[in-house]
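In the working numbering, the protein residues as written are 209 to 368.
These notes are about the structure you will find just below.
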């Protein structure tokens with residue numbers, strides 16, 4: 209969901225026949241607070257004060273997707289994974305700006321939270337001790353292009 213401001217900006221682009229995304233989208237109430245073509249701003253809370261830190265990787269394949277040998281992939285130890293640290297110090301409310309991203313690309317990240325004790329379900333989504341489950345976002349399309357999001361929808365009809 210978008211805030212009213214982001215929704216009005218998006219509808220204005222559509223109404224004017226714009227062929228490109230706006231330079232950025234802001235929604236201060238969401239975990240991905242700001243999205244741009246080459247950056248994103250994330251925000252989150254932790255139960256106890258800790259350093260602001262995430263792991264980030266390019267791509268949309270979840271951690272537990274089986275590889276060619278039918279075993280789960282170990283994606284968080286590969287070369288394309290990068291640790292992104294925030295400002296020095298410990299806090300419970302974290303805001304992190306990540307720059308140097310590719311336009312129109314999907315990224316997967318997980319949050320460093322030493323107090324997190326992942327459940328079995330969270331472990332299936334990439335959580336480990338000290339790390340929360342995986343989340344994803346996509347940067348906005350390159351200049352002159354428009355982002356198209358395809359969302360599969362299933363409908364269940366239940367007659368009386």
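C-beta atoms are modelled at their ideal positions from N, C-alpha and C, and glycine is treated no differently.
In this text, all values refer to a predicted model and were calculated from it rather than measured experimentally.
Inset, instruction - List the endpoints of the continuous alpha helix (DSSP H) containing residue 328. - result: Within the chain shown, numbered from 1, the residue matching residue 328 stands at position 120. From DSSP, the alpha helix (DSSP H) with residue 328 extends over 328 to 332.
Inset, instruction - Following the continuous beta strand (DSSP E) through residue 360, name the residue where it begins and the one where it ends. - result: In the chain shown, counting from the first residue as 1, residue 360 sits at position 152. That residue, residue 360, is in no beta strand (DSSP E); it is neither H nor E in DSSP.
Inset, instruction - Would you mind stating whether residue 332 and residue 272 have Cβ atoms separated by less than 9 Å? - result: As a working mapping, residue 332 is identified with position 124 in the chain shown. As a working mapping, residue 272 is identified with position 64 in the chain shown. Cβ distance < 9 Å, so residue 332 and residue 272 count as in contact.
Legend entry - Where residue 283 sits in the DSSP three-state scheme: Here residue 283 corresponds to residue number 75 of the chain shown, with the count starting at 1. The answer is helix: DSSP assigns residue 283 an H, G or I state.
Legend entry - Residue nearest to residue 342 in terms of C-alpha spacing, selected from 231, 244, 262: Locating residue 342 in the chain shown gives position 134, counting from the first residue. Closest by alpha carbon: 262.
Legend entry - the segment 292 to 307 contacting the segment 242 to 261, beta-carbon criterion three pairs below 8 Å: yes
Legend entry - Sequence-distant residues of its chain with Cβ nearer than 6 Å to residue 335 (five each side left out): The count along the chain shown starts at 1 and reaches residue 335 at position 127. The answer, listed in chain order, is 326, 341.
Inset, instruction - Please classify residue 223: does DSSP put it in a helix, a strand, or coil? - result: As a position in the chain shown, residue 223 is number 15, starting the count at 1. Caution is warranted here: a pLDDT of 47 is assigned to residue 223, below 50, making its placement in the model unreliable, and the coordinate value is therefore given only provisionally. Three-state result, residue 223: helix.
Inset, instruction - Tell me where the beta strand (DSSP E) around residue 266 begins and ends. - result: Here the question's residue 266 lines up with position 58 in the chain shown. 261 to 266 is the span of the beta strand (DSSP E), which, as asked, contains residue 266.
Inset, instruction - Report the three-state DSSP secondary structure of residue 364 (helix, strand or coil). - result: Stepping through the chain shown from its first residue, residue 364 is reached at position 156. Coil.
Legend entry - Local conformation of residue 238 per DSSP, three classes: Working through the chain shown from its first residue, we reach residue 238 at position 30. Three-state DSSP puts residue 238 in coil, outside helix and strand.
Legend entry - Closest Cα partner of residue 320 within the set 264, 368, 233: Within the chain shown, the letter at position 112 stands for residue 320. The shortest C-alpha separation from residue 320 is found at 264.
Inset, instruction - Give the DSSP-derived three-state secondary structure of residue 350 in the structure shown. - result: Against the chain shown, residue 350 aligns to sequence position 142. Residue 350: coil per DSSP, three-state reduction.
Legend entry - Coil, strand or helix - residue 304 by DSSP: Sequence index remark: in the chain shown, residue 304 carries index 96 (1-based). Residue 304: strand per DSSP, three-state reduction.
Inset, instruction - Let me know if residue 283 comes out buried or exposed under the rule of 16 or more other beta-carbons within 10 Å of its beta-carbon. - result: The residue you call residue 283 lines up with position 75 of the chain shown. Buried, because 16 or more other Cβ atoms sit within 10 Å of the Cβ of residue 283.
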